[in-house]
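S.K.: Before we start, here is the structure in question, set down as C-alpha cells.
Numbering (our numbering), first residue to last: 41 to 340.
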C-alpha cells in the first residue's frame, strides 16, 4: 500500500520576493514611483535649486485688484466719503416759522363743477347720445307727423302668411283632407327572393365572340400572345444550318462542373483510393510509470 505524500513538503519557496518564513530575511526591492511630476518639481532640494525654479509655483495673474472708488475692504486704505439720497420721510412742518408754503392747499379750478357752495357752477352744453332713429320719432305737431306717415309701418314680407295647403293653424280655416302613401310592406306573405324572378334570372343568349357553349355554334379561332421566353425560343430546332450558328451557346462554360481531386478519397468508382497514413488515437502505455517525482513536481 503506497503512502500518501504531504503536498506541503514539495512547496519550496523562492529566494526572491517577500519571504514568509521568519528565518529568511526579505531583500529590499525597487519599484516604480506613483508620485506625479508636479509634486516632484515642488520637492525642496537646495536654495540654489529653488532660485533656479523661481516662479514655477507662483499663482500667476490671478490676483483681484480692488477698485479705488467705493468701500475699501483692506484696512490700509481709507474709504472716501460719498453722497447718497436720504431715505427718511419728509417733515410735515411748514418751515421754520410754521407758515404753509406753495402747493399746501388744493385750489379748485374756476371751470366745471364748483365744490364750494359760495360759487355757482356755470351752465354747460353736452353732446347728446340719442340716435337719429329715436330723434325722428319725437312728436312735434300734427302737420309734421303727416309728412312722416308710413315711415314706421312694417314693410312687405314683414308678416308670415300661412299657406292654404296643408294643416291650417287658424280655427276659421278648415284643414282639407290629405292622402298619404302607405308604409306597409309589399308581398308580406311571399318571399321575393324565392317566388319572384329577379335581375339575371333568365339567361340572355351567349355572345358571338369567344367560346361557344352551344354545339350548334362553332367557336371561331383566336390569336393569343405567347408566354414562352426568348431563351426557350432560341433552343427550337429549325434546321441544321441554323443549329450550326448556335453551336456552343447552350454548352456548359468553364468551372461549371466540379473537378474531383486525385488525392484523398475518390468518389468515382472508376478511380481507386490510395492508402493513407494517420496519427493514432490510442492512449499511451501506463504500465511504465513509477513513483519517482518528475520535472515540475517541486515548486521552487
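We put the CB at the ideal spot given by N, CA and C, even for glycine.
I need the boundaries of the alpha helix (DSSP H) containing residue 174, first residue and last residue.
M.R.: Working through the chain shown from its first residue, we reach residue 174 at position 134. Where residue 174 is concerned, the enclosing alpha helix (DSSP H) stretches over 172 to 176.
S.K.: Quick one: which unbroken alpha helix (DSSP H) runs of 4-plus residues sit fully inside the region 139 to 206? Chain order, please.
M.R.: Counting whole runs of 4 or more residues, the region 139 to 206 contains the alpha helix (DSSP H) stretches 172 to 176 and 182 to 187.
S.K.: Do residue 56 and residue 67 have their C-beta atoms closer together than 9 Å?
M.R.: Sequence index remark: in the chain shown, residue 56 carries index 16 (1-based). Sequence index remark: in the chain shown, residue 67 carries index 27 (1-based). The answer is yes: Cβ separation under 9 Å.
S.K.: Below 7 Å CB to CB, which residues in the same chain sit around residue 319 once its five sequence neighbours on both sides are set aside?
M.R.: If you number the chain shown from 1, residue 319 lands on position 279. Cβ neighbours of residue 319 beyond the five flanking positions: none.
S.K.: At what residues does the alpha helix (DSSP H) containing residue 282 begin and finish?
M.R.: As a working mapping, residue 282 is identified with position 242 in the chain shown. 280 to 285 is the span of the alpha helix (DSSP H), which, as asked, contains residue 282.
S.K.: So, helix, strand or coil for residue 42, using DSSP?
M.R.: Counted from its first residue, the chain shown places residue 42 at position 2. Unreliable positioning characterises residue 42 in this predicted model, as indicated by a pLDDT of 49, which lies under 50. The coordinate reading is nonetheless provided below. Residue 42 falls in the coil class under three-state DSSP.
S.K.: Pull up the distance between the alpha-carbon of residue 150 and that of residue 141, whole angstroms please.
M.R.: One-based indexing of the chain shown puts residue 150 at position 110. One-based indexing of the chain shown puts residue 141 at position 101. Cα to Cα, the separation comes out at about 22 Å.
S.K.: Starting from the C-beta of residue 346, find all residues in its chain whose C-beta is less than 7 Å away, skip the five residues before and the five after it, and write them out in chain order.
M.R.: The displayed coordinates of the chain run from 41 to 340. Any statement about residue 346 would go beyond what the structure contains.
S.K.: Can you look up residue 231 in the DSSP assignment and give me helix, strand or coil?
M.R.: Mapped onto the chain shown, residue 231 falls at position 191. In the structure shown, residue 231 sits in coil (DSSP, three-state: anything other than H, G, I, E or B).
S.K.: Is the separation between the beta-carbon of residue 109 and that of residue 118 shorter than 9 Å?
M.R.: Against the chain shown, residue 109 aligns to sequence position 69. Against the chain shown, residue 118 aligns to sequence position 78. Their beta carbons are not under 9 Å apart, which means residue 109 does not touch residue 118 by this criterion.
S.K.: For residue 270, which three-state DSSP category applies?
M.R.: Counting from one through the chain shown, the residue named residue 270 turns up at place 230. Helix.
S.K.: To the nearest angstrom, how far is it from the Cα of residue 305 to the Cα of residue 299?
M.R.: Position 265 of the chain shown, counting from 1, holds the residue named residue 305. Position 259 of the chain shown, counting from 1, holds the residue named residue 299. If you take the alpha carbons of residue 305 and residue 299, they lie about 14 Å apart.
S.K.: How many angstroms separate the CA atom of residue 271 from the CA atom of residue 282?
M.R.: Reading the chain shown from its first residue, position 231 is the one you call residue 271. Reading the chain shown from its first residue, position 242 is the one you call residue 282. Residue 271 and residue 282: Cα-Cα distance of roughly 15 Å.
S.K.: What does the alpha-carbon distance come out to for the pair residue 269 and residue 254?
M.R.: Taking the first residue of the chain shown as 1, we reach residue 269 at position 229. Taking the first residue of the chain shown as 1, we reach residue 254 at position 214. About 36 Å.
S.K.: The alpha helix (DSSP H) with residue 88 in it runs from where to where?
M.R.: Taking the chain shown and counting its residues from 1, one reaches residue 88 at position 48. From DSSP, the alpha helix (DSSP H) with residue 88 extends over 87 to 92.
S.K.: Quick check on DSSP: helix, strand or coil for residue 258?
M.R.: Here residue 258 refers to the residue found at position 218 of the chain shown. Coil, per DSSP.
S.K.: Based on Cα-Cα distance, which residue from 238, 258 and 315 lies nearest to residue 247?
M.R.: As a first step, residue 247 is located in the chain shown; it is residue number 207 there, counting from the start. For residue 247, the nearest C-alpha among the options comes from 258.
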